[in-house]
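Below is one structure; the comments refer to it alone.
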Amino acid sequence: MAPVTTAGKEMHALVERLYPLCRSITGDGVRATLDIVGEYIPLQVREVPTGTQVLDWTVPQEWNIREAYIDDPAGNRVVDFAESSLHVLGYSVPVSATMPLAELRAHLHTLPDHPSWVPYRTSYYKPEWGFCLAQETLDALPDGEYEVRVDSTLADGHLTYAEHVVPGQVTDEVLVSCHVCHPSLANDNLAGIAVATFLARALAEQKPYYTYRFLFAPGTIGAITWLARNAERIERVKHGLVLACAGDSGRLTYKQSRRGDAEIDRVMRHVLAASERPHHVTEFTPYGYDERQFCSPGFDLGVGSLSRTPYAGYPEYHTSADNLDFVSPEAMADTLAVCREAFAVLDRNRRYVNLSPYGEPQLGRRGLYDSLGGRSDAKQAQMAMLWVLSLSEGEHSLLDVAERSGLPFGTVVAAADALCGAGLIEA
Amino acid sequence: MAPVTTAGKEMHALVERLYPLCRSITGDGVRATLDIVGEYIPLQVREVPTGTQVLDWTVPQEWNIREAYIDDPAGNRVVDFAESSLHVLGYSVPVSATMPLAELRAHLHTLPDHPSWVPYRTSYYKPEWGFCLAQETLDALPDGEYEVRVDSTLADGHLTYAEHVVPGQVTDEVLVSCHVCHPSLANDNLAGIAVATFLARALAEQKPYYTYRFLFAPGTIGAITWLARNAERIERVKHGLVLACAGDSGRLTYKQSRRGDAEIDRVMRHVLAASERPHHVTEFTPYGYDERQFCSPGFDLGVGSLSRTPYAGYPEYHTSADNLDFVSPEAMADTLAVCREAFAVLDRNRRYVNLSPYGEPQLGRRGLYDSLGGRSDAKQAQMAMLWVLSLSEGEHSLLDVAERSGLPFGTVVAAADALCGAGLIEA
Amino acid sequence: MAPVTTAGKEMHALVERLYPLCRSITGDGVRATLDIVGEYIPLQVREVPTGTQVLDWTVPQEWNIREAYIDDPAGNRVVDFAESSLHVLGYSVPVSATMPLAELRAHLHTLPDHPSWVPYRTSYYKPEWGFCLAQETLDALPDGEYEVRVDSTLADGHLTYAEHVVPGQVTDEVLVSCHVCHPSLANDNLAGIAVATFLARALAEQKPYYTYRFLFAPGTIGAITWLARNAERIERVKHGLVLACAGDSGRLTYKQSRRGDAEIDRVMRHVLAASERPHHVTEFTPYGYDERQFCSPGFDLGVGSLSRTPYAGYPEYHTSADNLDFVSPEAMADTLAVCREAFAVLDRNRRYVNLSPYGEPQLGRRGLYDSLGGRSDAKQAQMAMLWVLSLSEGEHSLLDVAERSGLPFGTVVAAADALCGAGLIEA
């Protein structure tokens, strides 16, 4: 794994700032999150009214919460939203009541197998109220009358998401997406937000070929809303990557697009293999994060998903154990590095046409041998030129050349640049 | 292997009734066989006159035999057709003569490696007479004059075959074929007849999607005759299966069609793999049973062949040891069960179109989550719906969905039915 | 490996005659080489003037050399071109000078890792002079003034190459090419010339289907010149083979064409596998011998390359150790035998159309079973006929039939001949 870079530390600091906020698929927690991200990169924040029809869905009411607690018969506050945003069932309707423990139990969610952890639960589309707590807290509750209060509102409002665009040389786009709807969960939410943010910063330092669009949106309904509102833009989205679970200590996992042979799939496989990192490439499944929406058959975009340990693949998933200790600066720096490597390849993966395809052109006369430095580098550079000439008939990309020749992608790019400069090939 | 079902016992009983008859490619033995099968399922019996041109062939003269024997010099009957139909060379011309053993030997067929077994031999297209006997019988024959007699007729008549049709919802057909031209051989003939008969009965109990046509015909010339007389029907035959050697104790063998990727090939491979039965899938070869004719390049039908131990793969093949003990109720019941499973898959293997292909449709609002029962079943059912939605663009069949998702075919069918009912997909 | 055939001995004798000559990409050494080859097979010798534009290249000045030596301070001749053509840098410009050893060293080429071997070096396109010698010779040189002399000319003249054509039944061509530009190097030059020469003689003894064109030309510039001057012929070149490093003791190596699935690639893979020789099949790379030119993307011919130990794969490569002992009659005879086997397959690899594709034709009535000899041969011959009938729909070649059936190619050819004779298939 990469050493702790400055970016790694900065990403972890960002995660720490975002961690306490109570995010959901709508509401002020999302807005506060986007405000903080907006300190790092400029964001266009979009507000979409409740009731807006988006594809097969409708934007729901906006949920906000001020406080939520349970007081035991002795008046002790045994569960308190102020301590952790996980303690309340997401989208809980308001409640203010006194009831015996037996009745309260139906609204309490625990993890018996992990008695000290608090689960993460929501009920977006069915009106419910509830609390999440540790099994050991529940076990210690005495019988008696409990006071429960959820001071929330569920009312017409907006769904909030944000975009950030790094303009490129062409209007064809690469979409990078992460979800911003999970409350105090570090890996399954915040690490992806942090890596996306610093990836955007890194891309802005160069003038990329593609235009890179970053989407910070609540899962499912957010992606669906963006798709519904960007019908005319979709065909410009040539490649994409969903970032999630980007900060744990596990090996990298790339989940391929539904197409399986999209260019992003080939690029990610190549970069992961070439990097010699331990990693795992999996087939597409119609479950997981927002690749489900981007890869739905009507869109079928070339969008894959990059995680470390994937969705539901670790016991801490959707529990209070997915906390600030569960993600590390090193892991986020490593995820960021792979994204940068992949986009560097994607950005340079052109197809060229050999303008002198009959026999080999005489490279020596054009100084294409002389210009080379060290001996073995020179040999590789020369082979790369011969390979680019051989495979440049408009069908093979530089990645094809790199994979067929076994040469590093960067060496192939340098050869293409030299041949382009000599007028022997053109894009 | 499946337990002995009632059908297994009934199939073995049918084999026992058919066993003594002297079948050949024409003649009364075939008619008697079809009469008995006709007690189980209604048959349309066809009689095609000698001399009829059928594709590259001509229907031969009809052969019938009353008796055949060899008497030794002492007048003992040492070989007798009345004991087994195998004792006479199939299509033997009549003979009535006395001759020394030395001369007789040229007409005697044995199996030196299996001295107690009687071989099965024929000479359909070259006029010959002969007897088949055990090597140990031959070895015991004293020198001297023998009386030989074959009371057969070879004369203009008919070739006989039969059809049985199970009507379906569509006129597209599945052809199930077995040969009825072998005399007292249990596995290589009768087991296939029995399985085909009971398969037809089982299919009649449901209203299948396809129309299933069962063909009981002599090998080669019978299939060729059917093909010649059904030119206009051939294009309706979408799938087919030749049944042979269907009752021995060996593992199942599926021989693929010449196309190798016909739907029946995929279905059989899937069903055999999913059933976890030991089995073997082999490539097409232009030899074997009547798949040779159905898969000839001019027709190239999607017809495979299902056997247990395949053609010529067991020492008892084409000998008196392929007898009633060589086939078992259990094995025939197992072959029947696999056929039924395969046709159940084939019959439901539709392609659907997702009517809501942009993003995921909101399943919850349609009650497609609530309607589910147990927890892990529910999860599989939900995944199956997502997979069907993801792959329903008119190209992928439900079998494709099952194979790509790893879900059971039945679960995928249930998901398709639920989605169809909700108006989310259509066939 | 094959026993030493007469051809093996004759090929080695030819190599011995050619060995002393000083070949280069132009000049009298090439002409003398072609004169000798011309004693074995008639050659059309082509002379192309200096300055002729050939594709991206220009025919260079012609280089000839009479003598070249270094005399030490005591007047001893320590390096002498008369002893070996390797001693002078190829295309050395003339020099006649006296200089101290320190100054001379910049013009001396050795192999420190093989101190007794003389390297092979050239400088075709950059004017230089130089000598090649053993490291141990260099180490023994005393300080002092040396007399150096290269009596060469570099002047307008011609590039020389030769062709030999074995006419076939069709004008479609098979191109066999070898390079003739290396001086006293036995494997990397002369063995290929010898095998090509004797292959031409062998083909002339039969009337082949294809027209076989043999090209004896200097590497790179020679192939490019031929391509430039035969633009109208290129499309007739259906297959080709570059022969190089054809005489060492290593296993055979076939390097596939750029297309990778050209018919010559399939034929060579089949023949090498069927022969059970140890061998190696490699992917195309745009480096090596003149397959670089024939397979350049504008031409993309189906031309592979056959070697024993390939280019640069042995330490003796491009050194004085690639001498007459490094190549053997046995190895050259073996390479020749494989070429003959491959061209026998290529020459008979037709596609046929089954004229009786509906069901099997009745082979017995046409005597196609009776005509067969021994029992197991007969069975193979019968299977081969069924396979040819099954796959003859105009798409599959006899090699396809052989590979799919697992039958020997010769058996398949015999079956096709028999079926052709009976009017059942046609080419």
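Chains as they are written, first to last, in the numbering used here: chain A, 1 to 427; chain B, 428 to 854; chain C, 855 to 1281.
All C-beta atoms in this analysis are idealised placements derived from N, C-alpha and C, irrespective of residue type, glycine included.
Item, Value
"For the stretch 888-917 of chain C, list every residue whose C-beta sits within 7 Å of some C-beta in chain A, in sequence order.", "909, 910, 911"
"Which same chain residues end up closer than 6 Å to residue 702(B) when comparing Cβ atoms and leaving out the 5 residues on each side of it in sequence?", "none"
"Looking at residue 1253(C) and residue 1120(C), is the spacing between their C-beta atoms short of 8 Å?", "yes"
"Taking a Cβ distance cut-off of 7 Å, strictly less, list which residues of the stretch 716-749 of chain B are near chain C, in chain order.", "719, 720, 723, 724, 725, 726"
"Check each candidate in 974(C), 1014(C), 1145(C) and name the one with the smallest Cα separation from residue 1172(C).", "974(C)"
"Anything in the stretch 1054-1070 of chain C with a Cβ closer than 9 Å to a Cβ of chain A? List those residues in chain order, please.", "none"
"By alpha-carbon positions, which one of 298(A), 359(A), 343(A) ends up nearest to residue 782(B)?", "298(A)"
"Looking only at its chain, what residues have a beta carbon closer than 7 Å to the beta carbon of residue 872(C), apart from the 5 residues adjacent to it on each side?", "887, 890, 1044, 1047"
"By Cβ distance, which residues of its chain are closer than 6 Å to residue 173(A), with the 5 residues on each side in sequence left out?", "211, 213, 236, 237"
"Starting from residue 1081(C), find everything on chain A with Cβ-Cβ shorter than 9 Å and list it in chain order.", "358, 359"
"Looking at the structure shown, is residue 234(A) part of a helix, part of a strand, or coil, going by DSSP?", "helix"
"8 Å is my cut-off, CB to CB: does residue 286(A) come that close to chain F?", "Going by chain labels, chain F is absent from the structure shown, which instead holds the protein chains A, B and C."
"With distances taken Cα to Cα, identify the nearest neighbour of residue 470(B) among 516(B), 544(B), 588(B).", "588(B)"
"Among the candidates 1100(C), 918(C), 912(C), whose CA atom is the shortest distance from the CA of residue 1079(C)?", "912(C)"
"Would you say the beta carbon of residue 426(A) comes nearer than 7 Å to a heavy atom of the ligand GTP?", "With respect to small molecules bound, the structure shown includes none, and the ligand GTP cannot be examined in it."
"Quick check: the stretch 679-687 of chain B against the stretch 624-635 of chain B, are there 3 or more CB pairs under 8 Å?", "no"
"Out of 378(A), 388(A), 379(A), which has the shortest C-alpha to C-alpha gap to residue 352(A)?", "388(A)"
"Listed from N- to C-terminal order along the chain, which residues in the stretch 954-988 of chain C have their beta-carbon within a distance smaller than 7 Å of any beta-carbon of chain A?", "979"
"Mapping DSSP to helix, strand and coil, what is residue 354(A)?", "strand"
"Go to residue 77(A), then tell me how far its beta strand (DSSP E) extends in each direction, as first and last residue.", "77-80"
"Going by DSSP, what residue range makes up the beta strand (DSSP E) through residue 898(C)?", "898-903"
"With a threshold of 7 Å on Cβ separation, who are the neighbours of residue 488(B) within its own chain once the five nearest residues in sequence on each side are excluded?", "477, 581, 582, 583, 584"
"Identify the continuous beta strand (DSSP E) that holds residue 1083(C) and give its terminal residues.", "No beta strand (DSSP E) holds residue 1083(C); the alpha helix (DSSP H) holding it covers 1075-1083."
"Cβ of residue 393(A) less than 8 Å from any chain C Cβ?", "yes"
"Closest by CA to residue 1126(C), which one among 1168(C), 939(C), 1194(C), 1138(C)?", "1194(C)"
"Just the Cα atoms here: how many angstroms apart are residue 1280(C) and residue 734(B)?", "35 Å"
"Looking only at its chain, what residues have a beta carbon closer than 7 Å to the beta carbon of residue 105(A), apart from the 5 residues adjacent to it on each side?", "none"
"Please list, in chain order, the residues of the stretch 673-695 of chain B that have any C-beta partner in chain A closer than 7 Å.", "none"
"Contact check, residue 415(B) vs residue 845(B) under 8 Å by CB: the rounded distance?", "In the structure as shown, chain B starts at 428 and stops at 854, and residue 415(B) therefore has no counterpart that could be examined."
"Whose C-beta lies closer than 8 Å to the C-beta of residue 870(C) among residues of the same chain, with five residues either side of it excluded?", "1178"
"Does the Cβ of residue 139(A) have 16 or more other Cβ atoms within 10 Å, making it buried, or fewer, making it exposed?", "exposed"
"Return helix, strand or coil for residue 863(C), following the three-state DSSP convention.", "helix"
"Please report the residue range of the beta strand (DSSP E) in which residue 145(A) lies.", "145-155"
"Under three-state DSSP, which class holds residue 192(A)?", "helix"
"Ignoring anything shorter than 3 residues or poking outside the stretch 93-149 of chain A, list the beta strand (DSSP E) runs there in chain order.", "95-100"
"What span of residues does the beta strand (DSSP E) with residue 176(A) cover, start to end?", "173-179"
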